[in-house]
Amino acid sequence: MQIAPPDFDRMFGALADATRRDIVRRAIVGEEGVAELAEHYPMSFAAVQKHIAILERAGMVTKERIGRRKVVRANLERLRVARRLLDQYEELWRGRVARMTALVTDDTKEQNR
Amino acid sequence: MTVTAVRKNPEKLTMTLDAEFDASPERVWQLWADPRQLERWWGPPTYPATVTAHDLRSGGLVEYHMTGPEGNQSHGYWEIVDVDAPHRIVFRDGFANEDGTPSSDMPINEVRVMISEVGGQTRMSIESIFPSAAAMEQVIAMGMEEGLREAVGQIDAILAGDVTSPTAR
Numbered sequence: 232m233q234i235a236p237p238d239f240d241r242m243f244g245a246l247a248d249a250t251r252r253d254i255v256r257r258a259i260v261g262e263e264g265v266a267e268l269a270e271h272y273p274m275s276f277a278a279v280q281k282h283i284a285i286l287e288r289a290g291m292v293t294k295e296r297i298g299r300r301k302v303v304r305a306n307l308e309r310l311r312v313a314r315r316l317l318d319q320y321e322e323l324w325r326g327r328v329a330r331m332t333a334l335v336t337d338d339t340k341e342q343n344r
Numbered sequence: 009m010t011v012t013a014v015r016k017n018p019e020k021l022t023m024t025l026d027a028e029f030d031a032s033p034e035r036v037w038q039l040w041a042d043p044r045q046l047e048r049w050w051g052p053p054t055y056p057a058t059v060t061a062h063d064l065r066s067g068g069l070v071e072y073h074m075t076g077p078e079g080n081q082s083h084g085y086w087e088i089v090d091v092d093a094p095h096r097i098v099f100r101d102g103f104a105n106e107d108g109t110p111s112s113d114m115p116i117n118e119v120r121v122m123i124s125e126v127g128g129q130t131r132m133s134i135e136s137i138f139p140s141a142a143a144m145e146q147v148i149a150m151g152m153e154e155g156l157r158e159a160v161g162q163i164d165a166i167l168a169g170d171v172t173s174p175t176a177r
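In structure tokens:
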């Protein structure tokens, strides 16, 4: 049995905002710096900087120095972890539904006997 | 085909799964309303569930434990929020201590089950809402253990010939 590290909540909290999700989406390509990212949103540079800081603290993005620029890059491993949690829960219910189906199918077989 | 759709929202921590059964809504309802039927699908084959209390009324409790291969048991309960037979059941799914009392340090997730007739088939929609990602992780860890792989294997055998087996994705 494993207990979730506390930063799972921080991770999902960081993703709970539409602007931050969009930043992550752009950061997957990982070509833009903070200033370039800020141009996409109708808000101040400081506000975008704040969003990026929240994502950084949650480990969802990192800033990487490339020459004179600081490029914002998504942490793909983190994104996969978030997705995987829901995938596992899906598996749990798929297993249950398959067993339910087997039970319902059993009666049909008995009726046909 | 049994599971027809799965919608996941990682930001809102919800998962909705739709399944269709070639049976009446009343028959599908029995999977939930008959404790002996419930025991046959709630836990994976290596962690079968034993239902010890089953009061399917608003405010009622369903109590169960799952027994592992080494005889280890994990206890759980449902606190029934709302029931409308044979169409709707809403419950809070929680873990319990060995004496059956609710465990306060374990997460609770709310599950909403809707059963309806669609074109001569029965659609069952299950929506799960987690209070936090940590809670979701814990429920997954408790509910799956190592039994899952085996369950999937058994299911594959049952559904042999069905192209949409649970592992094919």
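Those protein sequences? They're chains Z and S, same order as listed. According to our numbering, the first sequence is numbered sequentially starting from 232. According to our numbering, the second sequence is numbered sequentially starting from 9. Each residue gets a CB set at the ideal place from its N, CA and C atoms; glycine is no exception.
* Asked: Excluding the five sequence neighbours on either side, which residues of its own chain have a C-beta within less than 6 Å of the C-beta of S/I134, listed in chain order?
  -> The residue labelled residue 134 of chain S in the question sits at position 126 within the second sequence. Contacts found: L25 and V121.
* Taking C-alpha atoms, which residue in S/G127, S/K16 and S/G76 lies nearest to Z/Q319? -> In the first sequence, residue 319 of chain Z corresponds to position 88, counting from 1. Checking every option, the nearest Cα to that of Z/Q319 belongs to S/K16.
* Using the beta-carbon count (16 or more within 10 Å), is Z/R296 buried or exposed? -> Mapped onto the first sequence, residue 296 of chain Z falls at position 65. Classification of Z/R296: exposed, given that the 10 Å Cβ count is below 16.
* Asked: Can a CB atom of chain S be found closer than 7 Å to the CB of Z/T250?
  -> Numbered from its first residue, the first sequence carries residue 250 of chain Z at position 19. No, no contact with chain S.
* Asked: Taking C-beta to C-beta, are S/A61 and S/E47 nearer than 7 Å?
  -> What you label residue 61 of chain S is simply residue 53 of the second sequence in a count that begins at 1. What you label residue 47 of chain S is simply residue 39 of the second sequence in a count that begins at 1. It is not a contact, given that the beta carbons lie outside the stated cut-off.
* Asked: Below 7 Å between beta carbons: does that hold for S/F99 and S/I88?
  -> Residue mapping note: residue 99 of chain S aligns to position 91 of the second sequence, counting from 1. Residue mapping note: residue 88 of chain S aligns to position 80 of the second sequence, counting from 1. A contact, by the Cβ cut-off of 7 Å.
* **Member of Z/R309, Z/I285 and Z/R304 whose CA lies at the smallest distance from the CA of Z/K294** => The sequence position of residue 294 of chain Z within the first sequence is 63, counting from 1. When each option's Cα is compared against that of Z/K294, the closest is Z/R304.
* What is the C-beta distance between S/G84 and S/A104, in whole angstroms, given that I count them as a contact (C-beta under 8 Å)? -> What you label residue 84 of chain S is simply residue 76 of the second sequence in a count that begins at 1. What you label residue 104 of chain S is simply residue 96 of the second sequence in a count that begins at 1. Contact flag correct, Cβ pair sits at about 6 Å.
* Where S/S66 meets chain Z, residues with beta-carbon distance less than 7 Å -> For this step, residue 66 of chain S is matched to residue 58 along the second sequence. Within 7 Å of the CB of S/S66, no CB atom of chain Z is found; the nearest one sits about 23 Å away.
* **Whole-angstrom distance between S/P139 and Z/M274, CA atom to CA atom** => Numbered from its first residue, the first sequence carries residue 274 of chain Z at position 43. Numbered from its first residue, the second sequence carries residue 139 of chain S at position 131. If you take the alpha carbons of Z/M274 and S/P139, they lie about 31 Å apart.
* Asked: Which first and last residues belong to the alpha helix (DSSP H) in which S/F138 is found?
  -> Here residue 138 of chain S corresponds to residue number 130 of the second sequence, with the count starting at 1. Element bounds for S/F138: n/a, residue is neither H nor E.
* Look up S/I116 in the DSSP assignment and say whether it is helix, strand or coil. => On the second sequence, residue 116 of chain S is found 108 positions in, with the first residue counted as 1. Coil.
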